[in-house]
């Protein structure tokens, strides 16, 4: 991200120390990052609604603390996903404003006072055991600027439960539907609303659920009505996708 | 099925030509069928509600006619499944009372006047393309003595459609639920009634439906509430299973 | 489940404060639960033969005790499935009438004196290692009001063993057949009786048994004769399905 | 959809012929449809941007024409997908304003003069053989009111090709990325923009592409950055999902 | 297969034209075939009980005739497998002593008068649709010198049928068990006899039989009792394996 | 296994207390076991070369000791497979003549002095990590009366190693080939000998070996030359199958 | 590929019309292609040894001729793969110097007189049915400048056949090993040479070969010794990979 | 590896104690190893660039030390892969010049002073979690004589990162590309260079990555451009394959 080589080259052009055709050749050979094409990353970091994200799985508590502290020197908002309980404990002990989400293993840091997000993202889950994934989705969407609400325990075997929330479903900018064994919930939700529906299969299940594959296939086969699908247990991905939609609805010309 | 060897043996015992311990040894060595253990098959043929069944797939029209005519010499009721259109035409032309079911490829023969079955078996299907399997299930159950009704086109993406039939669902002795891409319908039905629900996945579908595997897995993962599952496209098997339940409910001590 | 909005609306109609056409529009917009469609759940709880069920997997001993105690304030019969040994110990220590089923990990509570169920459900298992699933099925069916008997260790590699039980098989209202490596037993049983047969594949096995998939596929491919299948290791689901059939046979018009 | 029973009930309440508690009980037992919950379907038909859709696969040319003519009596916009060439020919011959899309097998009917959609949906495809699916997605999105542009032949093995479109990518409200053998394109696109990206795997491919499964898995594993996935070859589903997002961005409070 | 280089080398050693250490180095570099290790192939052709085998699939009728005629110049016994009907017709028309096996697509040529094989190989099949594979196994074993008998239509759903053949089963040197949907038959047979049992799954089946995979897995999971398995539909392989055992039993020291 | 009912029946026939036709009816209804059809099991136990077998997996050390002691009251030879190290220790401590096989987890008991088996069964393994399965196969075959030799570490990547054993390979009555990652060894062996070859895939392997599935598929696809296959890691099954062949070769008319 | 915008920008910098920081921002926004990074494609077309390649599958004969004629206006060497027989006929009739490869469906055009390639690439195939893929690999490598030789019909079931070619194997710069049912050949070859070995599984096979998956898995599991694998039936890919290695060996500093 | 029998035979020929034809017969019967065909192995050990390799998985620390010490008596270079931390510690403590590679679990021993390899092999990895596999590949290639450089963290979701290394990519004799969830990186790299590209999928990933299967399929489907693939996580295999290419480029006529 070092603009120096490019800057020096342009100064040399300006000062006549290098002619234009030679500069063009050198530009073509410069490593990509020096040319500023990585500004997407910079933009991302600067845009206030977006947090820095650390994928916690496979990192030791000490590594997590080091990475988090380094990031917080330059950023105000941080989302760490998939921490172990030891990782969560270390982050909570060492980061002043850390907030721990036990079910999903997320840890977040935000500036005080916390600002409420805007634009409704609704996270719907079928069973209590889908809670970890639903929380990861909800925390992710909220950290990306959305106002998030959750509707829980509305599996299709008791169909009246989801029906009783029909009005709320129709108010959301994006709906995340998390379900394990029965991958059918997104089909039902997709039939009740005309808003974008993002389905997340979970690995919860027994027997021939095959670690979420059964739910994944069920959800893919419901796509006709405009439902799209994330990877198994990928609450983070669903939260990001919903937040992209929500941000666009709130501010259609932001890019 | 020849009882002669057994009879001769017992006569020999009675007449003292062979002693008991020797007779016991010979009995142990007799082929199974001589002992009458095959009476199950005979019982099955005699019990009036049950048709003879011919699996039509892979048989030529001429073979089908030959088999059907041979069976109808000794039986009044015949069910031929999975016929080709040529097979159906040959059977219709050659068997006086043959009735052809175009969608499912079934052909049936019954004594006139046809007696209406009794005990409700309900066949529910999600999409119009599931019609062939649903019809095979319905014809099978009816030929085994059930009164059959069909509820069609009630997929979960328009959930109000199945809900409008709730009362009817609760009257059935057994419910067969046929669904392809969305294997979710049995879960919904199983949550609305306390009667036995038999799910049949169909191979209708596109993309990652894998010839019905997606629907099959979805249905297996709904079993917790008391739903059981048949093989993909196996309308015949579902019809038999529902008929077994229906017969038992109508006449609890028939065996 | 709050009937208030509906009640207020009807009072307004009665009192002429709102006209009929307006009331109809408001009714269409009311959340589903207010309309009483959830009475199914209520019915379920009231019907005396049915226990409350808690899925124990993934819950701490303390959570299990809390849930169980809360349910037992309003219900007399409780079935907890898939407990750990710690969970079982906690429930046994804290619930006065708790009964522990070690092989399957079930815990049950019933009013004293225990009433014997009625209508025979037969649970047949192929090998000793299928015992946990068979017990889960048996306990579940019994807690739903069935009289349950078990036939064990009758795998098809010693075919005479199942044959020696033929008479007993023919007396059952529903048969649950539990088998692991060799998914063939339901085919054999389905050929011996005309009663409903529910097959449960188990994950017991080695090599290419793929956690029960081999047995599952074998069972699905036997469906033609009227056998239906539950998910792998799903003894609970099989017990529910058998109990639905048994209840219907005992009392054909109960719903 | 008959409001009569409900109306009669409310009249009876108003007239004092039935008291409120009795009316509440009767309401709970009324079939769902009478309560007006099916208005969603009616809403859908009335909302002007949405076409009627006919899934053409498995229907004869004559059936297609019949269905299309019946729908066009009451609707102005029609989308028929997955037609055979015979089906396309029949529709083109019999429907005055029919427009045929050869690559994807779509047929569309719109009122003249055609109104240009608004809000950019971009359809990006990796190879020429992905063209059928890309066209189905594009036609679907356009028929649902979007302005659609296509970017073709930008597979990742020649990475500079997609990079040269970066500016255009950043202008879209939703991006549909269609790719077969190499399911990697959505990852690249998702890294270049912050808008919602919908990936569609295609069944084009050879060897171990397994009818699109390889591309599907690749796309699911890119979800972390906010990409969501449709079923294999499901251009229609992707078009619907993109159109939902686009409609919401254009008119955030329309539902 | 040219022994010349080796012979020359040894002559050179004998004549002292090359010393031993140099000869050892040259030997190590000689191509394998010169050393006579390929005599196995020659042995195979000479051993009278073994036919020449041509795999007919993918060869034109003319190619088949050419190959067969070339082989019959030097051999008396020929087995062609997996021919098309055109291939069978061509071979029957052009080879004087050709014998056609319609169900399996085999064509055989033997010297007249045909000698009856010896040592019993029993081929057992579950359903009529397994007949092609069973015939391929039987023809193969017979062409390799075995006396072959067939037992047909003894699926496990009618278990008494196989039991009635128990005595015959116990007389065979090797048993080939061919079964499709229900891969259970080898387990039953393996429990009735102590002779080697070779299982052949067939691709016959519907739904989740997956082209024989279901039967294959079922058979593999029965191996504990000493059953071994061939590839799906591989009647030829099973016939070869049974013939190897049979030959060894008849003539224990033949190799 | 109680012959009493049968004996009483025959006495009644002999004494004229029951006539023949009535006796025949009662015989058909008698449970199978009373008729002596279970003599197969008895034969099995009596035949001196065969051990009692206990499958050790899933049994506690105490259970193993109890079962083993009970069996040794009536039998001289015992094979326990798949023990844990604790199980092995318990058996070794409590059974006087127990012999422990550490690699495979087998424990055997035989009468002293041990008699050497006869008839060569050769166990060939590709890598050192296949040793546990190879030992299980070898111990099983030896306990069933075979003389067993092992050839180790002869994978196909160093093809000269197996070739150097060609003479030994040709002396065996049956060859068991154990291989993991490279399932190719049975093809090579099957091409070198004309004796029965039994292939055992092992779950050893990494990456896309899928717990032995890769080796299993490789072995099944080599079957054409007369190789048959056991389940993954099923050394016991291979040992039984080889012993069946070996016993038959040694004593062709033993059954 | 238009350098103009970049040139204009640099001129503006040189002339002081735009300052350096502004120029840096504009550079970051320029489309990638203007910067010359796409020169790879140009290089590829110019380098004389490389042909233009057309993937023929899915293209009509007329389309193939059009594309080929257009390419031959600017290039001398052309490779068309996967043509139908109609496509081959059309190309042969319309392109003066076209050469048709019947087995693989390739068509090639080269300048006359044809120059022999250099650097040995050896294509080894296991069975005659692997010939199409082997020829595609050989033609591809030859068209990319290699001298190609083929070794055919050297499956591992007759291991001496491949051994007799050991010397030739050791002379190749790269070895392509094509095999279907038995994916073992690359392991054997990889153990005989120290040169790069590229394995190509073919879809030829029966039963559980699963369209080449079995061979693919076998080959992947042989990788330890330095074998790498191409997609099923991908002779073209293997030819390209071998040609890359061969070109590098011949001219190590060419890039 | 004992040349004695061969030597004695040749001496007997030389001395006339045995005639040539008898000697030829005896030669054919000699075990393979005596003939010197195992010289490949010897060659391998002698060729200075190649280390002895020990596969550490499944071996105890003590076993590893014993094997390593034995090998180091006769060899100077040793590579131990897949050690546990205990294994690494034991080797480091007991082998004087051992060097431990923590991420990959490799341990190496080389003569001092270490000689730098030559010929560039580039190891490119997509994410930090692919580091273990990348290091195994790098260490393996270096131990086989290559000069190795690594490029890390260049996944396709941030495509500019790999583009900035284009120049370096074009200098390598072989490129190893290691990637987990997104198997797309090899396609991008293969499009940027004309050198051999070896792809290694890693098992890193979540949800539907299936232990690397998703990445493996993605990589196989990129093969068209000349990319070849190793087994999942098989850094060692990729290192060997790259080293074979590199050695050949450096010294084209070495074999």
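Residue numbers (the numbering used here), protein chains in the order written: chain G, -17 to 237; chain D, -17 to 237; chain R, -17 to 237; chain X, -17 to 237; chain H, -17 to 237; chain U, -17 to 237; chain S, -17 to 237; chain B, -17 to 237. Note that the Cβ used here is the ideal one computed from N, Cα and C, for glycine as well. Keep in mind that this is a model prediction, so the values were computed, not measured.
Below the 9 Å Cβ cutoff, chain D contributes no neighbours of residue 195(U), its closest Cβ being approximately 18 Å away. Inter-residue distance for residue 182(S) and residue 33(B) is about 28 Å (C-alpha atoms, whole angstroms).
As summarised for the region 70 to 117 of chain B, the continuous beta strand (DSSP E) elements at least 3 residues long and confined to that stretch are 81 to 83, 88 to 91 and 102 to 107, given in chain order. A direct Cα-Cα distance of roughly 29 Å separates residue 92(B) from residue 161(B). For residue 142(X), the enclosing alpha helix (DSSP H) starts and ends at 142 to 145. Annotation for residue 129(H): the continuous beta strand (DSSP E) segment containing it runs 129 to 133. Residue 5(U) is not a Cβ neighbour of residue 43(U), given a cutoff of 8 Å. Taken atom to atom, the span from the alpha-carbon of residue 198(S) to that of residue 184(S) is near 8 Å. The continuous beta strand (DSSP E) containing residue 37(D) extends over residues 34 to 37.
Residue burial annotation: residue -7(H) is exposed, with fewer than 16 other C-beta atoms found within 10 angstroms of its C-beta.
A check of alpha carbon separations from residue 86(S) across 79(S), 65(S), 80(S) and 180(S) identifies 65(S) as the nearest.
Going by DSSP, residue 180(G) is part of no alpha helix (DSSP H) but of the beta strand (DSSP E) stretching over 179 to 183. Distances from the alpha-carbon of residue 94(U) to those of 104(U), 108(U), 78(U) and 177(U) put 78(U) closest. Nearest to residue 75(H) by alpha-carbon distance, out of 97(H), 57(H) and 48(H), is 48(H).
If you draw a straight line from the Cα of residue 147(X) to the Cα of residue 109(X), it comes to about 16 Å. In this structure, residue 130(U) and residue 103(U) form a Cβ contact; the two beta carbons are roughly 5 Å apart against a cut-off of 8 Å.
Boundaries for residue 50(B): no beta strand (DSSP E) harbours it, while the alpha helix (DSSP H) harbouring it runs 43 to 54, taken from the DSSP string. Residue 163(B) is positioned such that its CB atom lies closer than 8 Å to that of residue 191(B). In the structure shown, the three-state DSSP call for residue 66(X) is coil.
For residue 101(X), same chain residues with a beta-carbon under 8 Å away, outside a window of 5 residues either side, are 127, 128, 129, 155, 228, 229, 231 and 232 in chain order. Counted as a single uninterrupted DSSP element, the alpha helix (DSSP H) harbouring residue 223(G) occupies residues 217 to 232.
Neighbours of residue 166(R) in chain H, taken as residues whose beta carbon is under 9 Å from its own, are 138, 164, 165, 166, 167, 169, 170, 200 and 204 in chain order. The Cβ neighbour count for residue 96(H), taken over all protein chains shown within 10 Å, is under 16; the residue is labelled exposed. Under the three-state reduction of DSSP, residue 171(G) is assigned to helix.
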